[in-house]
Structures are given as structure tokens and as C-alpha cells.
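Q: Those protein sequence lines, which keep their order, are chains A and B. Residue numbers for the first sequence follow my numbering, so the first one is 13 and each next one is one higher. Residue numbers for the second sequence follow my numbering, so the first one is 15 and each next one is one higher. Input: one structure, supplied below.
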Amino acid sequence: EADIYQTPRYLVIGTGKKITLECSQTMGHDKMYWYQQDPGMELHLIHYSYGVNSTEKGDLSSESTVSRIRTEHFPLTLESARPSHTSQYLCASSDMGQAFYGYTFGSGTRLTVV
Amino acid sequence: AQSVTQLGSHVSVSEGALVLLRCNYSSSVPPYLFWYVQYPNQGLQLLLKYTSAATLVKGINGFEAEFKKSETSFHLTKPSAHMSDAAEYFCAVSGAGGTSYGKLTFGQGTILTVHP
Chain A
13 EADIYQTPRY LVIGTGKKIT LECSQTMGHD KMYWYQQDPG MELHLIHYSY
63 GVNSTEKGDL SSESTVSRIR TEHFPLTLES ARPSHTSQYL CASSDMGQAF
113 YGYTFGSGTR LTVV
Chain B
15 AQSVTQLGSH VSVSEGALVL LRCNYSSSVP PYLFWYVQYP NQGLQLLLKY
65 TSAATLVKGI NGFEAEFKKS ETSFHLTKPS AHMSDAAEYF CAVSGAGGTS
115 YGKLTFGQGT ILTVHP
């Protein structure tokens, strides 16, 4: 079944640790996105990619970095986690064929930095 | 450029009552419009989409939305609310052509509360 997967679902980690949030999709979508969302709040685009070896920063400045070495994989890394990074992180993907049907979202990773 | 405004960050209804969540957009090109739902600690799930076919769009869970070009609106409705409808709802717009094609801009979200 085609889908988009995020791991871990929940992560509690200490300040200063390096973390990587994983996102993989099995749909062959070229475009992938990372959003940051505080509880009950709007979505903020922090990174996006239009294909392998293509990454761009989004509308909200973020200390995180991303990579896109394979079409299906779009991990997000924080080199040194801080309490201000506590948030939910949502990964999404979309196809850019002849029609646009919107984004498919993963279930999210809720990150808590203590 | 395109933008989306959701009127009312919180909406509260009684179970069985009409649900109306408002969305207005601005777009320099004819848009594609979407409604997503987000349950607590989950990602966003597509409810319905308008992509220039019928102006009244039916989605999952009994929701529907009507595209009104003259009012630049795409309000989401459901005739009878259920407790399970309690969630946050996001309206989103994409241009149907040009540089904004395939790039979603989201509204601020509306939290729907359903009372017994």
C-alpha cells in the first residue's frame, strides 16, 4: 500500500543531542515537504525538495537541515537539540504529473527537548 | 500570490447541529482548493478537493464544500455534527497553473469542538 511513513512517532531527548527524524514514501513522489506545527496552531513550511539532490528552505527559518539522496527518503536533522525545537514535525509528499491532487501527509513526529 | 483566510480559529457546535467552517481565498490564477482534517497527534488527512470540475464537492465523513468564485469562498459544511468530527480543519489553496501550481498555501486552521 502506497503511503508516507514517519519515525519515530514520539521522541523525548535531552538538550544538545543530535537527532534525525525519518520520512519515507512509497508513492514515487518527486516533491517532499517538512512542516513544523505547535499544538492547535498553523503549519509552517521549513524545508522542501523537488527531487533528488534538490532541497530548499521554507517560509519559516529553522536550524534543522535536510537531505534528499533517494527519491523516497527525506530525513530532517537537528545537530544540537534545544527546548525551542519542541514541536510536532509533519512530512508530506506530492506528485507533479498532469494533475495535482494535494499533499499526502505522514502521521508526524512529536519532539520534546528537555 | 495566493492566500487563505479561515474565519474563526475555534468553532463549537452541539452534536447533531450544522457544521460550517469558513474559508476565503485570494489567488492570482484560478485555484485548486482543499480541506484537510487533523485529529490529535496525527498528520493531515484529505477531506475533499476542488479542481475546477463541479463547484459542489463531496468528501469523506459526510462533509461537503462549495466553490463560490464570486465570493472567493470555499466553506466546509456538514448537516449533522458527530462527536468524532472534533478535530482541527485546514483550508488550503494551490494555483491551477503558473508558478503556484502544485504548491499548497494553508490557512491558520479552525478547531472544531462538538458538545454532547
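Using N, Cα and C, we set each Cβ at its ideal position, and we do this for glycine too. Small disclaimer: the values here were computed from a predicted structure and weren't measured.
Could you compute how far the alpha carbon of A:Ser-92 sits from the alpha carbon of A:Val-126?
A: Position 80 of the first sequence holds residue 92 of chain A. Position 114 of the first sequence holds residue 126 of chain A. Approximately 12 Å, taken between the alpha carbons.
Q: State the Cα-Cα distance for the pair B:Ser-114 and A:Gly-70, rounded to the nearest angstrom.
A: For the purposes of this step, residue 114 of chain B is identified with residue 100 of the second sequence, where counting begins at 1. For the purposes of this step, residue 70 of chain A is identified with residue 58 of the first sequence, where counting begins at 1. Cα-Cα distance, rounded: 15 Å.
Q: By the 9 Å beta-carbon criterion, what residues does the segment 43-66 of chain B contribute toward chain A?
A: Answer in chain order: Tyr-46, Phe-48, Tyr-50, Gln-52, Pro-54, Asn-55, Gln-56, Gly-57, Leu-58, Gln-59, Leu-60, Lys-63 and Thr-65.
Q: Three-state secondary structure (DSSP) at A:Ile-58?
A: In the first sequence, counting from the first residue as 1, residue 58 of chain A sits at position 46. The answer is strand: DSSP assigns A:Ile-58 an E or B state.
Q: Can you name, in chain order, every residue of its own chain whose Cβ lies under 6 Å from the Cβ of A:Tyr-115, other than the five neighbours on each side?
A: Against the first sequence, residue 115 of chain A aligns to sequence position 103. Excluding residues within five positions, the ones whose Cβ falls inside 6 Å are Ala-104 and Ser-106.
Q: Who pairs with A:Lys-36 in a beta bridge, going by DSSP?
A: The residue you call residue 36 of chain A lines up with position 24 of the first sequence. It is Ser, not Lys, that sits at residue 36 of chain A in the sequence shown. A:Tyr-17 and A:His-85.
Q: Pop quiz: B:Val-71 and B:Lys-63 are said to be a contact at Cβ under 8 Å. What is the actual Cβ separation, rounded to whole angstroms?
A: If you number the second sequence from 1, residue 71 of chain B lands on position 57. If you number the second sequence from 1, residue 63 of chain B lands on position 49. 7 Å between Cβ atoms; contact.
Q: Does DSSP classify B:Gly-109 as helix, strand or coil?
A: For the purposes of this step, residue 109 of chain B is taken as the residue at position 95 of the second sequence. In the structure shown, B:Gly-109 sits in a strand (DSSP, three-state: E or B).
Q: At the 8 Å Cβ level, is B:Phe-77 part of the contact set with chain D, yes or no?
A: In the displayed structure, chain D is absent; the protein chains listed are A and B.
Q: Quick one: does A:Arg-80 have its CB under 8 Å from some CB of chain B?
A: Within the first sequence, residue 80 of chain A is the residue found at index 68, counting from 1. A:Arg-80 does not count as touching chain B.
Q: Are the CB atoms of B:Ser-108 and B:Tyr-46 within a distance shorter than 8 Å?
A: Here residue 46 of chain B corresponds to residue number 32 of the second sequence, with the count starting at 1. Here residue 108 of chain B corresponds to residue number 94 of the second sequence, with the count starting at 1. Against a cut-off of 8 Å, the Cβ pair of B:Ser-108 and B:Tyr-46 comes out as a contact.
Q: With which residues is A:Arg-122 paired in a DSSP beta bridge?
A: The count along the first sequence starts at 1 and reaches residue 122 of chain A at position 110. Note: A:Arg-122 sits in a beta bridge opposite A:Tyr-22 and A:Gln-100.
Q: State yes or no: is the C-beta of B:Ser-17 within less than 8 Å of the C-beta of B:Pro-44?
A: Within the second sequence, numbered from 1, the residue matching residue 17 of chain B stands at position 3. Within the second sequence, numbered from 1, the residue matching residue 44 of chain B stands at position 30. Going by C-beta atoms, B:Ser-17 is not nearer than 8 Å to B:Pro-44.
Q: Would B:Tyr-103 be called buried (16 or more neighbouring beta carbons within 10 Å of its own) or exposed?
A: On the second sequence, residue 103 of chain B is found 89 positions in, with the first residue counted as 1. Counting Cβ neighbours within 10 Å, B:Tyr-103 comes out buried, since at least 16 surround it.
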